[in-house]
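Student: Chains as they are written, first to last, in my numbering: chain A, 1 to 737; chain B, 1 to 737.
Cβ coordinates follow ideal geometry from the N, Cα and C atoms, glycine included.
Handing you this structure, nothing more for now.
There are 2 protein chains.
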Amino acid sequence: MVKTKKYLTIDGNHAASHIAYMFSEVAAIYPITPSSNMAENIDEWAANGRKNIFGETVEVKEMQSEAGAAGAVHGSLQAGALTTTYTASQGLLLMIPNMYKMAGELLPAVFHVSARSLAAQALSIFGDHSDVMSARQTGFAMLATGSVQQVMDLAGIAHLAAIKTRIPFMHFFDGFRTSHEIQKVEVMEQDDLERMLDKAALQKFRENALNPGHPVTRGTAQNPDIYFQAREAGNRFYDVIPDVVEEYMQEITKITGRPYHPFTYFGAEDAENVVIAMGSVTQTIKETVNYLNDKGEKVGLMIVHLYRPFSAKYFFRAMPKTVKRISVLDRTKEPVANGEPLYLDVRDLYYEKENQPIIVGGRYGLSSKDTTPAQITSVFDNLKQSEPKNQFTVGIVDDVTFTSLPQVPEFSTVPEGTFEAKFYGLGSDGTVGANKNSIKIIGDSTDKYVQAYFAYDSKKSGGITISHLRFGDSLIRSTYLVNSPDFVACHVPAYLLKYDMFEGMKKGGTFLLNSVWDEEETKNQLPNKMKKFMAENDIKFYTINATKLAEEIGLGTRTNTIMQSAFFKIAEVIPYVDAVKEMKTAIVKTFSMKGDKIVQMNYNAVDRGGDVTKIEVPSEWKEIKVNGELDEKEYPEFIKNFVNPINALKGDDLPVSAFLDREDGTLPQGTAAFEKRGVATHIPEWIADNCIQCNQCAYVCPHGVIRPFLFDANDKSKAPVEIETIPAVGKDLKGYE
Amino acid sequence: MVKTKKYLTIDGNHAASHIAYMFSEVAAIYPITPSSNMAENIDEWAANGRKNIFGETVEVKEMQSEAGAAGAVHGSLQAGALTTTYTASQGLLLMIPNMYKMAGELLPAVFHVSARSLAAQALSIFGDHSDVMSARQTGFAMLATGSVQQVMDLAGIAHLAAIKTRIPFMHFFDGFRTSHEIQKVEVMEQDDLERMLDKAALQKFRENALNPGHPVTRGTAQNPDIYFQAREAGNRFYDVIPDVVEEYMQEITKITGRPYHPFTYFGAEDAENVVIAMGSVTQTIKETVNYLNDKGEKVGLMIVHLYRPFSAKYFFRAMPKTVKRISVLDRTKEPVANGEPLYLDVRDLYYEKENQPIIVGGRYGLSSKDTTPAQITSVFDNLKQSEPKNQFTVGIVDDVTFTSLPQVPEFSTVPEGTFEAKFYGLGSDGTVGANKNSIKIIGDSTDKYVQAYFAYDSKKSGGITISHLRFGDSLIRSTYLVNSPDFVACHVPAYLLKYDMFEGMKKGGTFLLNSVWDEEETKNQLPNKMKKFMAENDIKFYTINATKLAEEIGLGTRTNTIMQSAFFKIAEVIPYVDAVKEMKTAIVKTFSMKGDKIVQMNYNAVDRGGDVTKIEVPSEWKEIKVNGELDEKEYPEFIKNFVNPINALKGDDLPVSAFLDREDGTLPQGTAAFEKRGVATHIPEWIADNCIQCNQCAYVCPHGVIRPFLFDANDKSKAPVEIETIPAVGKDLKGYE
Ligand code: SF4
Ligand code: SF4
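Structure follows, in structure tokens:
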């Protein structure tokens, strides 16, 4: 009997915590980006009384650091409670000492990790595998997933197999790309997973708990005479893991129809050139493999799901015998090793084998560097060389040590009929929230596959946010940014001059601008480059004065709901009346606790958001010459060649040589003088009459717009006349103003 | 001009700190076994005003944990001070997050690590490479040494190369085996190392320090746009390391005459079978290689000194082209990997090479498990098989997952003419200290090479200590315990019945017993097995009643000086009168601050220690039948098969199967009932008249000899008559006794 499938439009962290909740009795947490939502979800669900598989509410304990969380996991497991945690990056590093203990003591801990970079020359909150790779020697089994659906499907195996084998599991997926990407996924049901639970093993785990009723000695010190033997005694628990995982995967495949193995092969059965990788990049590689095979090539992808233990048996079972050349992609960098970890593992597997393929390795996607089909194509192209480059990089230009592969122009492998949209917003203006809401509406009220990903700059609040939305009738595997949008919305008028928002935009696409000007003035404000692009590419151009509308409605600077409504009005992905209904339902959910007035204001925003203006693009704009818009200011070299490209969202184009003599992370100071964001629509003003000289304005303003100075008569005499002053307050400050 | 060579008789930690002091401006420490002496030496020398290369006294800061020490190292380096630390095991794990930062920021940190096991199924303070291997991905260069002399010779390269290349270095050597082994070594002089210092690089490091006078921004956050490029920008600093290290090694070779390279080959030029290893085991392998080649084999050893970066260039430069089979020895275990790290590196190097050798890997010596020439022979034997076993173990019997190689009987490769001695003492009875003193006397007052190593059981104070001393005219490379002693001393009469002290003893050897009995009674007390052995092997037998003498002199239980003097009297390694002089000189050094009385007592101990009694071994002892000494007590299985072997120093013989169902480190309780050490010569007695019922006796006595109970009249009536009681003190305890 086939059950009705249930879907949720959620991100990877949600999917992981959905599963983790079922199997947790205790969660010991210390949230860290980008894993935080997992811990927060568990905490919230526990507060709401959600029940796990055992009919209990999870006990959540927040500790004082990740080291404490790991200690609590260890202790809780020794007390017989199934215990989980959620972490990333340096957080995981702090857990390493306890991880050795948990593995050594055969405790079924489960860690869900949204893999993230480690702080080296600089900190980074973004995604790669440096953190999980730094814990690969601890004795934890490691399970990798590459999409929100895979997280949903396979996260349970970490729990099930940990209980059955007694070996702790780390389940990891890519920070941000998977942890924060929203997709519509088929839900894994609690009762399906419960059926697979090895209840006898669980019972044994519980009976083995430390208990004053039947005391044992555990956690001893061992001497040279017996430590080695004891360490080898654990082998048999590891030996069975690949088979156990494969068995569970087959049960999951039965339920979901999606094929999973410790190593899952995808592509031509008789492939000669194969890429091996794990994590979200495998989705992009699938797209690329299909694209290349459609063009007549014979290529394939080996997806690593069970990374530790690394099973030769399942590897060779999955890999086509025809393979001649292999490229192993690692999302980490070990600067002192011959090669990255996954590459070394694969070279080892084929050593002493007959018909050894050529095996090269490369690094990609460090710290959420976007990895595109074009980059994957260059990886396959490399394999076609007579001597493929080894220890290469893709996604960057390395003009210093020349590791990078030749760049291939970007092209689209997104399934035909997929709608792609990009929204440029200001951090904390609500754009991201509105887009999350939009994609849920589309996901939940249509049959479409949906995807949403949000790129932030590091300045967060007040910085730029770009929302990348896709939806369509085919499964969306494009685990990279939208680079050929059908729709672009600019929520911040000031961005017109700052960013190249039309890059890669499709012919006939739509541009929606939040414009504070009327039609004529809008046309004046548009840079020539944009005008020309719109005319030449038949761009449909809409404006709405969301800034003014928001103020009128009483929402202040919160333009998000108006812009959301405008998007639904123009894009027509679902009938606009239905969209309005859904948006209003969401508003009630979000704001009903804040009172009717707030709800009504947001209702108004939805209604007014339909008032978009279509502006005809004059065909004579095609004739415009674009050249007079160069920034003529004199900048220091560092600002011109380093800061300005980064601020213009062109940091990806900086070659490695841009970091010469900055390798240690050192940067000059004084950039504030050149780095003006110019995004505010209002400027604070000092009102002398109201001032009590508390100086809090200087303290709180991130822009330093108001700065207090103490003037004596001499200073005053030299100040420009328009400078207003007031006499200084305070005993010792007589005579100062 | 050849300088006069200067020698010191010191341990590895001393050698490392001797060098580290020269190059340190700041030492941020948090001592952990077995690295503690390094930090302690630095601290002591700084307190005494010793000067480093720059004429300064080192500033020593003890932090609150290793994480703090690593943070302080990082900060201090950013402030422009050459900074070092010393750690091991979990201590190193806590430093990992900061290690990534130091490497990323190109800071010339130097860590000296006495490599130690990590706590897994049990904690262990002993030596292997698990800790340093868990930090191999941090971006630190890694330099391995294998003897006290190598520490002395090469530790400076860690400092010199870190300054020159800007990459932090971890210099590691084996915990206990090298860190605590005492050898007579040629001293590396400060001015020799100073000459090699790249002063321009040092100047650049200092100028690059954070300084409010010329502020820079450092330690930023980077986003996906630039992190990857910035990470690759560091490559060029790593690329030069092997050449820099080779250059410095050549300078060291010029000074010392000892050949060093990043990979140093030893053995037959046309070897077909080669073992690759790093650390102290390479000394034992050298002995074994010589032994086997003398027997006509063609074998070799590749010593890894520069482990990270792992240089293919220097590897292939050193390795004979004739190699056909390679066995890589790793002193760590990564239960979830295909193979251990060094093994994977070597397999990678030969991949795609012509004439690929067969490469297998194995584990040895976990947690200071002794690795002997016999074990190394079995590693070479394995290579002779048509299909050599891979992922093997040596030094244990694995009868569960069958990883272990067949055992070869122990044999001696110790250079002829080397005197080997073993001393059985009680933890904290001063035996170890006396033996350290003896070996220094021999080292400093003769031309002989000397070695001393001390094996402790985990009970430390009150547990057994075995001192292993060697001295002779040839270089001593035997980095394993003394297993064919010329001399055995038993400082604790109770050990006669407990331990097999004659195991492996040479024919014609000498046995010195601290006997509390007269000659007749001593003979009675000797177990038959010992008597028979002595008679059959022409053992010279001496006794001295050191226990009684120590009491008479006023030294209480400190029998060490008496036994030391007795050793010099019997062994005659140097004229006894000279030994007496040297011992007295040492006594003045150690005790002069405690007053003349103490000095005189120890002088007396030296003088009385000469009063040894030679006991003739009756030849009829050869006829004794040995069989009646079986322990007939009924023991639970766990005690009989697990606890008793361990307590009898036979823990090394326990096979892996002894740990079945104890893999997680769980042990039954109640062992105290069976585990009697019986080593005390006095027993505490409760004197009712003196008792004020403070109960401190119960609290402080590790043996629980006196335990307070509260009796009511009923209890009292049932107690044996000889139980003495006193009325209980305290208002609420009327009626109790
Ligand atoms: S000092 Fe600034 S914040 Fe304080 S009262 Fe005056 S203007 Fe306002
Ligand atoms: S209780 Fe023990 S330690 Fe205290 S006075 Fe009595 S015998 Fe001594």
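#1: Taking C-alpha atoms, which residue in B:Arg363, B:Asp381, B:Glu181 lies nearest to Arg794 of chain B?
#2: Give a yes or no on whether the minimum CB-CB distance between Arg744 of chain B and chain A is below 8 Å.
#3: Determine whether the Cβ of Gln222 of chain A lies closer than 8 Å to any Cβ atom of chain B.
#4: Taking Cβ-Cβ distances shorter than 7 Å, what residues in chain B pair up with Glu334 of chain A?
#5: Would you call Thr4 of chain B buried or exposed, if buried means 16 or more other Cβ atoms sit within 10 Å of its Cβ?
#6: Which bits of chain A does Met133 of chain B rub up against, with CB to CB less than 8 Å?
#7: Let me make sure I understand the geometry here. Which of A:Gln64, A:Gly279, A:Gln78, A:Phe172 has the alpha-carbon closest to that of Lys101 of chain A?
#8: Taking the C-alpha atoms as reference points, what is the distance between Pro720 of chain B and Pro684 of chain B?
#9: For Phe533 of chain A, which three-state DSSP category applies?
#10: According to a CB-to-CB cut-off of less than 9 Å, which residues of the stretch 20–41 of chain A neighbour chain B?
#11: Count the other CB atoms, across all protein chains shown, that sit within 10 Å of the CB of Glu519 of chain A; report buried if there are 16 or more and exposed otherwise.
#12: In the stretch 62–106 of chain B, which residue ranges form an unbroken alpha helix (DSSP H) of at least 4 residues, counting only runs that do not cross its ends?
#13: Looking only at its chain, what residues have a beta carbon closer than 6 Å to the beta carbon of Ser147 of chain A, apart from the 5 residues adjacent to it on each side?
#14: Run the CB neighbour count on Ile440 of chain A, radius 10 Å, all protein chains shown included, and call it buried at 16 or more, exposed below.
#15: Look at Val304 of chain B and Phe263 of chain B and say whether their C-beta atoms are less than 8 Å apart.
#16: Does the stretch 440–456 of chain A touch the stretch 470–485 of chain A, meaning 3 or more C-beta pairs lie closer than 8 Å?
#17: Between the alpha carbons of Ala233 of chain B and Val244 of chain B, how many angstroms are there, rounded?
#18: For Phe126 of chain B, return the contacting residues in chain E, with the cut-off set at a CB-CB distance below 9 Å.
#19: For Asp11 of chain B, which beta-bridge partners are listed by DSSP?
#20: Tell me whether the beta-carbon of Thr431 of chain A lies closer than 8 Å to the beta-carbon of Asn514 of chain A.
#21: Could one say the Cβ of Glu105 of chain B lies closer than 8 Å to chain A's Cβ atoms, at least one of them?
#22: Excluding sequence positions up to five away, which residues of its chain have a Cβ less than 6 Å from the Cβ of Tyr499 of chain A?
#23: So what's Arg236 of chain B in DSSP terms, helix, strand or just coil?
#24: Please compile the residues from chain B whose C-beta is within a distance smaller than 9 Å of the C-beta of Gly395 of chain A.
#25: State the start and end residues of the unbroken alpha helix (DSSP H) segment that holds Tyr350 of chain B.
#26: What first and last residue would you give for the alpha helix (DSSP H) that runs through Gly443 of chain B?
#27: Determine which residues share a DSSP beta bridge with Met302 of chain A and list them.
#28: Check the Cβ of Tyr100 of chain B against every Cβ in chain A and list those closer than 9 Å, keeping chain order.
#29: Quick check on Asn528 of chain A - is its C-beta less than 8 Å from some C-beta in chain B?
#30: Any C-beta of chain B sitting closer than 8 Å to the C-beta of Asn514 of chain A?
#31: Could you spell out where the beta strand (DSSP E) holding Glu156 of chain B opens and where it closes?
#32: Quick check: the Cα distance between Asn647 of chain B and Lys625 of chain B, rounded to an integer number of angstroms?
#33: Among the residues of its own chain, which have a CB less than 6 Å from the CB of Asp43 of chain B, if the five just before and after it don't count?
#34: I'd like to confirm the pairing. Which residues does DSSP put opposite Val60 of chain B in its beta bridges?
#35: Which residue from B:Val323, B:Asn483, B:Ala28 puts its Cα closest to that of Glu354 of chain B?
#36: What is the DSSP secondary structure of Cys691 of chain B, reduced to helix, strand or coil?
Tutor: Looking at the atomic coordinates:
#1: An answer regarding residue 794 of chain B cannot be provided, because it is not within the stretch 1 to 737 covered by chain B.
#2: Within the shown structure, residues of chain B are numbered from 1 to 737, placing residue 744 of chain B beyond reach of any answer.
#3: yes
#4: Near Glu334 of chain A (Cβ distances below 7 Å), the residues of chain B are Gln137.
#5: exposed
#6: The contacting residues are Gln137.
#7: The closest CA to that of Lys101 of chain A, considering only A:Gln64, A:Gly279, A:Gln78, A:Phe172, is found on A:Gln78.
#8: 20 Å
#9: helix
#10: none
#11: exposed
#12: 66–78, 89–104
#13: Gln283
#14: Going by the sequence as given, residue 440 of chain A is Lys instead of Ile. So Lys440 of chain A counts as buried.
#15: yes
#16: yes
#17: 19 Å
#18: Here chain E cannot be found, since the structure's protein chains are A and B.
#19: B:Ile182
#20: no
#21: yes
#22: Leu649
#23: In the displayed model, Arg236 of chain B falls within a helix according to three-state DSSP.
#24: Within chain B, the residues near Gly395 of chain A are Phe228.
#25: 341–350
#26: For Gly443 of chain B, the uninterrupted alpha helix (DSSP H) segment begins and ends at 431–445.
#27: Partner residues in the beta bridge of Met302 of chain A, as assigned by DSSP, are A:Tyr265, A:Ile276.
#28: Neighbours of Tyr100 of chain B on chain A, chain order: Gln90, Leu93, Leu118, Ala119, Ala120, Ser130, Ser134.
#29: Chain B contact via Cβ: absent.
#30: Not closer than 8 Å to any Cβ of chain B, the Cβ of Asn514 of chain A fails to qualify, so no.
#31: Correcting the residue identity first, residue 156 of chain B is Gly in this sequence and not Glu. It is not in any beta strand (DSSP E) - Gly156 of chain B instead sits in the alpha helix (DSSP H) that spans 148–165.
#32: 25 Å
#33: Val60
#34: B:Ala27
#35: Per the Cα distances, B:Val323.
#36: coil
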